[in-house]
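One structure below.
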Amino acid sequence: MTSNIWYYIASGKNDAVHNMALDELLMEKVRAKELPAAIRLYEWETPTLSIGYFQKMRKEIDVARVKEYGYELVRRATGGRGVLHDKELTYSVVLPEDYPDMPESVTESYRILSHGLLEGFRNLGLDAYFSIPRTKEEKKELTNIRSSVCFDTPSWYELVVEGRKIAGSAQTRQNGIIMQHGSILLDVDIDHLFDMFTYTNERFKNKMKEAFREKAVAINEISSRHFTVHDLYPAFKEGFEKGLGITTEPYELTSDDEARLEEIKKKYASDEWNYRR
Numbered sequence: 001m002t003s004n005i006w007y008y009i010a011s012g013k014n015d016a017v018h019n020m021a022l023d024e025l026l027m028e029k030v031r032a033k034e035l036p037a038a039i040r041l042y043e044w045e046t047p048t049l050s051i052g053y054f055q056k057m058r059k060e061i062d063v064a065r066v067k068e069y070g071y072e073l074v075r076r077a078t079g080g081r082g083v084l085h086d087k088e089l090t091y092s093v094v095l096p097e098d099y100p101d102m103p104e105s106v107t108e109s110y111r112i113l114s115h116g117l118l119e120g121f122r123n124l125g126l127d128a129y130f131s132i133p134r135t136k137e138e139k140k141e142l143t144n145i146r147s148s149v150c151f152d153t154p155s156w157y158e159l160v161v162e163g164r165k166i167a168g169s170a171q172t173r174q175n176g177i178i179m180q181h182g183s184i185l186l187d188v189d190i191d192h193l194f195d196m197f198t199y200t201n202e203r204f205k206n207k208m209k210e211a212f213r214e215k216a217v218a219i220n221e222i223s224s225r226h227f228t229v230h231d232l233y234p235a236f237k238e239g240f241e242k243g244l245g246i247t248t249e250p251y252e253l254t255s256d257d258e259a260r261l262e263e264i265k266k267k268y269a270s271d272e273w274n275y276r277r
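Count the sequence shown with the UniProt record's numbering and you get residues 1 to 277, in order.
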């Protein structure tokens, strides 16, 4: 990828509405050419279940259980399945679709952008690599959406460590802009995660949980060192710089940015958006 300067934002912990609104604000700023491209690393003040743009809230999510746990609930602008944001670092990258050397294909651009994640995991000493389907059976598996849970859903370029999925990402393209964001899991509470989705029966739910345990993994589950979220910020900042062949400069929101952010927040706080499906 052509070397370039991107802006970097480490925005720390914020609520669900703020996090989704800030991703959208960055898309607006890149579209307006106020920023060439941006990388953001962030956390969640309260554990949050985010659901994909096309998911059916009332059909797939146990909203009462989410509220019982005291978690937040928000719909993303990206597709994909449900994600519990808790013990993790979240990333987002925003850039123009016509960025130099960026493939037009969503699948290929996902692979390019995920090189930043690949290098980030390697900075932590993990042997991460892309698992690419090669047989007809493996390719057919990509059409098998097993459940509403993100890490349970296969993708074309799977980022894995020791054969298990270690990062979940989703992408959207809007008016010439790519935004990809995703979860970098430190730890995961599988029981809580699956409690927030609806299943036809308990047997099927338990079957999905066991399949999830075999397929997905969190960093601290396989690392000999116990990492904190503070360890992840420099590892993945440098990972994206190396993986995308870029340099970064810090960016701080202006007063105009803050004002626009408050406007965008109204969308992600509304039932009209979150319960639209």
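All residues carry an ideal CB built from backbone N, CA and C; glycine is no exception. Keep in mind the model is a prediction, meaning the values are calculated, not measured.
Measuring straight from C-alpha to C-alpha, what distance separates R76 and N123? By 1-based counting over the sequence shown, the position of residue 76 is 76. By 1-based counting over the sequence shown, the position of residue 123 is 123. Going by the C-alpha atoms only, they are around 29 angstroms apart.
Return the chain-ordered ranges of every beta strand (DSSP E) run that is complete within the region 196-274 and spans a minimum of 3 residues. 247-250
Identify which residue in A128, M179, T46, T48 has its Cα closest to the Cα of A167. Counted from its first residue, the sequence shown places residue 167 at position 167. The candidate whose alpha carbon is nearest that of A167 is A128.
Helix, strand or coil at N14 [DSSP, three-state]: By 1-based counting over the sequence shown, the position of residue 14 is 14. Strand at N14.
Where the alpha helix (DSSP H) containing L118 begins and where it ends: Taking the first residue of the sequence shown as position 1, residue 118 is located at position 118. Run containing L118: 115-123, per the alpha helix (DSSP H) assignment.
Please say whether V94 and M179 have beta carbons closer to each other than 8 angstroms? Within the sequence shown, residue 179 is the residue found at index 179, counting from 1. Within the sequence shown, residue 94 is the residue found at index 94, counting from 1. Yes, the Cβ-Cβ distance between M179 and V94 is below 8 angstroms.
Cα-Cα separation, F212 to V188: Here residue 212 refers to the residue found at position 212 of the sequence shown. Here residue 188 refers to the residue found at position 188 of the sequence shown. Approximately 11 angstroms, taken between the alpha carbons.
Which of the three DSSP states is assigned to S183 in this structure? As a working mapping, residue 183 is identified with position 183 in the sequence shown. Strand, per DSSP.
Give the range of the beta strand (DSSP E) segment to which R277 is assigned. In the sequence shown, the residue the question calls residue 277 occupies position 277. It is not in any beta strand (DSSP E) - R277 carries neither H nor E in the DSSP assignment.
Using 8 angstroms for Cβ pairs, my map puts E252 next to I5. What's the rounded Cβ distance? Start at 1 with the first residue of the sequence shown, and residue 252 comes out as number 252. Start at 1 with the first residue of the sequence shown, and residue 5 comes out as number 5. In fact, because the Cβ distance is near 16 angstroms, the residues do not count as touching under 8 angstroms.
So the candidates are K67, G70, Y8, V30; which of them puts its Cα closest to the Cα of Y42? The residue labelled residue 42 in the question sits at position 42 within the sequence shown. Checking every option, the nearest Cα to that of Y42 belongs to Y8.
Along the beta strand (DSSP E) that carries V188, what are the first and last residues, could you check? Within the sequence shown, residue 188 is the residue found at index 188, counting from 1. Taken as a continuous stretch (DSSP letters only), V188 belongs to no beta strand (DSSP E), as it is neither H nor E.
What does a CB cutoff of less than 6 angstroms around L126 pick up in its chain, not counting 5 residues either side in sequence? Translated into the one-based positions of the sequence shown, residue 126 becomes position 126. The answer, listed in chain order, is V161.
If you draw a straight line from the alpha carbon of E34 to that of G245, how long is it in whole angstroms? Here residue 34 refers to the residue found at position 34 of the sequence shown. Here residue 245 refers to the residue found at position 245 of the sequence shown. About 21 angstroms.
Consult DSSP for E68 and reduce its assignment to one of helix, strand or coil. As a first step, residue 68 is located in the sequence shown; it is residue number 68 there, counting from the start. If DSSP states are grouped into helix, strand and coil, E68 belongs with the helices.
Would you give the residue range spanned by the alpha helix (DSSP H) that E60 belongs to? In the sequence shown, the residue the question calls residue 60 occupies position 60. Here the alpha helix (DSSP H) through E60 covers 57-60.
Sequence-distant residues of the same chain with beta carbon closer than 6 angstroms to K265, five excluded per side: For the purposes of this step, residue 265 is taken as the residue at position 265 of the sequence shown. Around K265: V17, A21.
Does A21 come out as helix, strand or coil in the three-state DSSP assignment? Locating residue 21 in the sequence shown gives position 21, counting from the first residue. Correct three-state label for A21: helix.
Report, in whole angstroms, the separation of the C-beta atoms of D101 and D195, which I expect to be a contact under 8 angstroms. Reading the sequence shown from its first residue, position 101 is the one you call residue 101. Reading the sequence shown from its first residue, position 195 is the one you call residue 195. Actually they do not touch by this definition, with Cβ atoms about 43 angstroms apart.
Report the residue from L193, T78, E119 whose alpha carbon sits nearest the alpha carbon of T48. Position 48 of the sequence shown, counted from the start, is the residue given in the question as residue 48. Considering only alpha carbons, the answer is L193.
Quick check on DSSP: helix, strand or coil for T78? Numbered from 1 along the sequence shown, position 78 holds the residue referred to as residue 78. Three-state result, T78: coil.
Quick check: the region 57-73 against the region 112-122, are there 3 or more CB pairs under 8 angstroms? no
Quick one, are the C-beta atoms of E97 and G182 less than 8 angstroms apart? Taking the sequence shown and counting its residues from 1, the one referred to as residue 97 is at position 97. Taking the sequence shown and counting its residues from 1, the one referred to as residue 182 is at position 182. Contact: no.
Classify K139 as buried or exposed, calling it buried when 16 or more other Cβ atoms lie within 10 Å of its own Cβ. The residue given as residue 139 occupies position 139 in the sequence shown. Confidence in K139 is poor, its pLDDT being 46 and thus under 50, which makes the residue's placement too unreliable to answer from.
Name the DSSP beta bridge partners of Y7, please? Walking along the sequence shown from the start, residue 7 turns up at place 7. Y7 is bridged to A38, E249.
Quick one: residues in its chain with C-beta nearer than 6 angstroms to the C-beta of K56, no 5 flanking neighbours on either side, listed in chain order? Along the sequence shown, one-based indexing puts residue 56 at 56. Correct list, in chain order: R277.
Are the CB atoms of F227 and L185 nearer to each other than 8 angstroms? Here residue 227 is taken as the residue at index 227 of the sequence shown, counted from 1. Here residue 185 is taken as the residue at index 185 of the sequence shown, counted from 1. No, these two residues do not count as a Cβ contact at 8 angstroms.
Going straight from the alpha carbon of L159 to that of A38, what length do you get? Along the sequence shown, one-based indexing puts residue 159 at 159. Along the sequence shown, one-based indexing puts residue 38 at 38. Going from the Cα of L159 to the Cα of A38 covers about 22 angstroms.
Closer than 6 angstroms by C-beta to I219: which residues in its own chain qualify, once you throw out the five before and the five after it? Chain order, please. Within the sequence shown, numbered from 1, the residue matching residue 219 stands at position 219. Once the five neighbours on either side are set aside, the close Cβ partners of I219 are L186, F227.
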